[in-house]
Amino acid sequence: MLETQDLGVRFGGHVAVNCVSCRFHPGTLTAIVGPNGAGKTTYFNLISGQIPALQGRVLLDGLDLSAWPASRRTRAGLGRAFQLTQLFPRLSVLENVRLAVQATRSGAHWRGLNPHSTRSDHPDLRDRALQLLESVGMSNQAMSWVASLPHGDQRKLEVAMLMALEPRVYMFDEPTAGMSHDEAPVILNLIRQIKQDPQAIVLLVEHKMDVVRELADRIIVLHNGELVADGHPGDVIASAVVQQAYLGKGDA
Ligand SMILES: Nc1ncnc2c1ncn2[C@@H]1O[C@H](COP(=O)(O)OP(=O)(O)OP(=O)(O)O)[C@@H](O)[C@H]1O
Ligand SMILES: [Mg+2]
Numbered sequence: 001m002l003e004t005q006d007l008g009v010r011f012g013g014h015v016a017v018n019c020v021s022c023r024f025h026p027g028t029l030t031a032i033v034g035p036n037g038a039g040k041t042t043y044f045n046l047i048s049g050q051i052p053a054l055q056g057r058v059l060l061d062g063l064d065l066s067a068w069p070a071s072r073r074t075r076a077g078l079g080r081a082f083q084l085t086q087l088f089p090r091l092s093v094l095e096n097v098r099l100a101v102q103a104t105r106s107g108a109h110w111r112g113l114n115p116h117s118t119r120s121d122h123p124d125l126r127d128r129a130l131q132l133l134e135s136v137g138m139s140n141q142a143m144s145w146v147a148s149l150p151h152g153d154q155r156k157l158e159v160a161m162l163m164a165l166e167p168r169v170y171m172f173d174e175p176t177a178g179m180s181h182d183e184a185p186v187i188l189n190l191i192r193q194i195k196q197d198p199q200a201i202v203l204l205v206e207h208k209m210d211v212v213r214e215l216a217d218r219i220i221v222l223h224n225g226e227l228v229a230d231g232h233p234g235d236v237i238a239s240a241v242v243q244q245a246y247l248g249k250g251d252a
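Dropping the structure here:
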């Protein structure tokens, strides 16, 4: 189980995440919704260790990760989609995924790997990397440079690399944002697959309510950094607090 206890941070005088306590269980996809600036991405950053918390704790299976850097949390099973800045832009798409697979297999943090090491050429790693690229529909781009990929493909690559880590916790922050109508279903299908794993804890920040309605087992709502609703999707979407939080937004 993943748990946050009184987790919070402020930027200057602005409280971006305010004492959020929540538990996330295996085999459950929890959607995190709320208006722009509600603190959703910041909440993810606090869980993954991208930014230090001002207060509160993050626990995975009872283990307190709060003082750990992001890389160690990743090794412990907290999987955050990669950002482009974390990739090796001068290596091919395939080599980037292969390094992520290799990091997972060796228990190392993948940024600590030498991309030119001979061990990394092991055919198993390459096969697994190719399989992951196929699952996101990117077999044709295996030899492309990461830096040359269009936006939608970059997002798909992030998901392939997240899957390479085989994490306990999958954190998706608007995974289909900026994708075309053709591309989004590929990612949503993968999330559907991941959700079948009874051990996986899946967190999904998503603005599109039709996607949330279909995928989520549970919805939590953040508003001004506070957790203001938590429950079954139908109930939460119908609740006054969500209607109010989304007032002026057409998609709720
Ligand atoms: N590094 C930062 N420095 C200063 N303020 C920040 C920083 N990161 C986020 N904020 C502020 O914290 C608040 C929460 O931002 P956050 O990005 O978490 O919102 P969000 O719910 O993810 O919004 P969106 O739906 O637009 O992605 C916002 O007011 C934002 O401007
Ligand atoms: Mg955000």
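According to the working numbering, the sequence shown is numbered sequentially starting from 1. C-beta: ideal position from N, C-alpha, C; glycine also.
Confirm, please, whether the CB-CB distance from residue j to residue i is below 8 Å.
i      : j      : result
LEU7   : GLY39  : no
GLY34  : LEU149 : no
LEU29  : VAL241 : no
LEU2   : PHE24  : yes
VAL97  : ALA129 : yes
ALA164 : VAL101 : yes
ASN18  : GLU226 : yes
SER92  : SER135 : no
GLY79  : VAL146 : no
ILE124 : MET138 : Checking the displayed sequence, the identity of residue 124 turns out to be Asp instead of Ile. Going by C-beta atoms, ASP124 is not nearer than 8 Å to MET138.
LYS208 : ILE187 : no
LEU94  : ALA142 : yes
VAL206 : ALA31  : Strictly speaking, residue 206 in this sequence is Glu, with Val absent from that position. Contact flag set, yes.
ILE220 : VAL212 : no
LEU65  : ARG73  : yes
VAL9   : THR41  : no
ALA70  : SER48  : yes
LEU255 : ALA160 : Outside the displayed range of the chain (1 to 252) lies residue 255, so it cannot be described from this structure.
ASP215 : ILE237 : The sequence given here has Leu at residue 215, not Asp. No.
PRO253 : GLY27  : This structure leaves residue 253 out entirely; the chain is present only between 1 and 252.
How is residue i classed by DSSP in three states: helix, strand or coil?
i      : result
ALA238 : helix
MET143 : coil
ILE201 : strand
ALA53  : coil
HIS14  : strand
GLY231 : strand
ASP182 : coil
LEU149 : coil
VAL101 : helix
GLU206 : coil
LEU65  : coil
THR118 : No answer about THR118 holds up, because its pLDDT of 48 lies below 50 and its placement is not dependable.
Locate the beta strand (DSSP E) running through residue i, then write down its first and last residues.
i      : result
VAL221 : 218-223
GLN5   : 2-11
GLU214 : It is not in any beta strand (DSSP E) - GLU214 instead sits in the alpha helix (DSSP H) that spans 209-215.
ASP173 : 169-173
LEU125 : From DSSP, LEU125 is part of no beta strand (DSSP E) but of the alpha helix (DSSP H) over 123-135.
ALA322 : The shown model of the chain, from 1 to 252, leaves out residue 322, and the question about it has no answer.
Which two residues bound the contiguous alpha helix (DSSP H) that contains residue i?
i      : result
SER91  : Inspection of the sequence shows that residue 91 is occupied by Leu rather than by Ser. First-last for LEU91: undefined, no H or E at that position.
LEU165 : No alpha helix (DSSP H) contains LEU165, which DSSP labels as neither H nor E.
ALA76  : 70-76
THR42  : 40-48
If we define contact as Cβ-Cβ less than 8 Å, is residue i a contact residue for chain D?
i     : result
ASP61 : Here chain D cannot be found, since the structure has a single protein chain.
Can you tell me which residues fall inside 5 Å of ligand 1, judged by beta-carbon distance to its nearest heavy atom, and keep chain order? Cβ atoms closer than 5 Å to ligand 1 belong to PHE11, ALA16, ASN36, GLY37, ALA38, GLY39, LYS40, THR41 and THR42.
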